[in-house]
Every structure is written in C-alpha cells, then in structure tokens.
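Student:
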Amino acid sequence: MNPFIQDTVRLLHNALDNNQTHTLRGGPREPARCRSRHLSFVTSSNSSTTGVWSAAASRPDIDRIIGVLKAYGTRVGRGPFPTELDDGSDGIGEKIRRIGREYGTVTGRPRRCGWFDAVAARYTARLSGATELNPAGLCSTPETTQQLQFGCAAAQS
49 MNPFIQDTVR
59 LLHNALDNNQ
69 THTLRGGPRE
79 PARCRSRHLS
89 FVTSSNSSTT
99 GVWSAAASRP
109 DIDRIIGVLK
119 AYGTRVGRGP
129 FPTELDDGSD
139 GIGEKIRRIG
149 REYGTVTGRP
159 RRCGWFDAVA
169 ARYTARLSGA
179 TELNPAGLCS
189 TPETTQQLQF
199 GCAAAQS
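The sequence shown begins at 49 in the numbering used here and counts up one residue at a time.
(1) Go through its chain and collect everything with a Cβ distance to V124's Cβ below 8 Å, but skip five positions before and after it.
(2) Considering only DSSP beta bridges, list what G115 is partnered with.
(3) If I'm right that A178 touches I113 with Cβ under 8 Å, what's the distance once you round it to whole angstroms?
(4) Per DSSP, what kind of secondary structure is G199 in: helix, strand or coil?
(5) Taking the beta strand (DSSP E) that G162 belongs to, which residues open and close that run?
(6) For T69, does the count of other Cβ atoms within 10 angstroms reach 16, so buried, or fall short, so exposed?
(7) Please confirm whether G199 and Y120 have their CB atoms less than 8 Å apart.
(8) What three-state label does DSSP hand E132 in the structure shown?
(9) Under a three-way DSSP split, which group does G125 fall into?
(10) What are the boundary residues of the alpha helix (DSSP H) that includes R145?
(11) Thinking C-alpha only, which one of D55, V57, I53 and P128 is nearest A168?
(12) Output the distance between the C-alpha atoms of S84 and R174, rounded to the nearest integer angstrom.
(13) Along the alpha helix (DSSP H) that carries T153, what are the first and last residues, could you check?
(14) If you draw a straight line from the alpha carbon of P51 to that of N67, how long is it in whole angstroms?
(15) Using the beta-carbon count (16 or more within 10 Å), is F164 buried or exposed?
(16) Kindly indicate which residue of R170, G141 and T172 has the alpha-carbon position closest to the one of L197.
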C-alpha cells in the first residue's frame, strides 16, 4: 500500500502549478447537505464545490466544473422526494434500483429511486458553479425506458 500513499495537497498543487488537468469527486447531491432546508434528512459532509476545496486543501483556480449526475433520482432514508417511484415490487422504481444496484454500501439497505429531478439538478448546478452537466446511469433496458418522466417544477411552500 505504501507506494500509493502520497501527500495529496502537494500532488494537487503541483498539478495546478503545471496547468495539468485533474478530477476531483464530490459526494451526494447538494440539496441533501447540512445547510439545506431538509436539515433532518441530510449528509454531514459539504457536497458542493466549496467542500471540494476544503477537502483538497486547494484553491479554486479552475476553468470548468462538470457536474456528473444520475439520470434518475435516489435517496437514502426518509425525507421529501418529489419524483419518487413508490410503485411496488414490479414497478419502474424497483427496476431502476435493481439495474443501478442502488443499495447502501455499508448496510445494503435499498435506496429509494425515482425520476430525474431537474429542479434539484438546476439548484445544485447554480450552487456549485457547474459549467456543464453530464447525466449518467440512465437505465437502458426496454422496461425502464418505455416511459421517461422528470420533475421540472416545484411548488413553493
């Protein structure tokens, strides 16, 4: 393991100083972070680009931020999920869960699955400063793609 252990701060700063491209990965989607309006249903980490800089001990000296997001929605645990597919064991939500292997890494607990939430994606892109979005993970089986829906508006409460 020792050959793979490096001072990542020095490694990243050297890459920045030499104009090398680099990829930094964030965590869960932005609406599920501590400062969002869903405080009791959140991750404890800051999953926006501001969290990347503090975790990498780096400066925000970048040209592009490519937001990679699932082409469907997931949520662990309770909390609001406007596009959730709670349509039973033979429903599209279950097919997305099975095909996308949407189970908790540690607990194996099934994640809640639903349609892509464009409102959350737009909100997250604005907060993170994303210059581009790349939807990934669209289930490409006929039984899940006969019908595609997505959330495109939210009621104000």
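Glycine included, each C-beta is placed from N, C-alpha and C at the ideal position.
Tutor: Answer, in terms of the structure:
(1) Along the sequence shown, one-based indexing puts residue 124 at 76. Taken in chain order, the residues that qualify are G152, R157, R159 and R160.
(2) By 1-based counting over the sequence shown, the position of residue 115 is 67. DSSP, once it has assigned bridges, lists L181 as partnering G115.
(3) In the sequence shown, counting from the first residue as 1, residue 178 sits at position 130. In the sequence shown, counting from the first residue as 1, residue 113 sits at position 65. A178 to I113, Cβ: 5 Å. Contact.
(4) As a first step, residue 199 must be located in the sequence shown, where it is residue number 151. G199 falls in the strand class under three-state DSSP.
(5) Indexing the sequence shown from 1 puts residue 162 at position 114. Its beta strand (DSSP E) spans residues R160 to D165.
(6) As a working mapping, residue 69 is identified with position 21 in the sequence shown. The residue in question, T69, is exposed, as its Cβ has fewer than 16 Cβ neighbours within 10 Å.
(7) Position 151 of the sequence shown, counted from the start, is the residue given in the question as residue 199. Position 72 of the sequence shown, counted from the start, is the residue given in the question as residue 120. The answer is no: Cβ separation not under 8 Å.
(8) As a working mapping, residue 132 is identified with position 84 in the sequence shown. Note: E132 maps to strand in three-state DSSP.
(9) In the sequence shown, the residue the question calls residue 125 occupies position 77. Coil at G125, not helix or strand.
(10) Along the sequence shown, one-based indexing puts residue 145 at 97. Bounds of the alpha helix (DSSP H) holding R145 are I140 to I147.
(11) Mapped onto the sequence shown, residue 168 falls at position 120. Distance from the Cα of A168 is smallest, within the candidate group D55, V57, I53 and P128, for P128.
(12) If you number the sequence shown from 1, residue 84 lands on position 36. If you number the sequence shown from 1, residue 174 lands on position 126. No answer about S84 holds up, because its pLDDT of 46 lies below 50 and its placement is not dependable.
(13) Residue mapping note: residue 153 aligns to position 105 of the sequence shown, counting from 1. Here T153 belongs to no alpha helix (DSSP H), and DSSP marks it neither H nor E.
(14) Indexing the sequence shown from 1 puts residue 51 at position 3. Indexing the sequence shown from 1 puts residue 67 at position 19. Using only the alpha carbons, I get a separation of about 25 Å.
(15) Stepping through the sequence shown from its first residue, residue 164 is reached at position 116. It counts as buried.
(16) The sequence position of residue 197 within the sequence shown is 149, counting from 1. Reading off the sequence, residue 197 comes out as Gln, not Leu. The option with the nearest alpha carbon to Q197 is G141.
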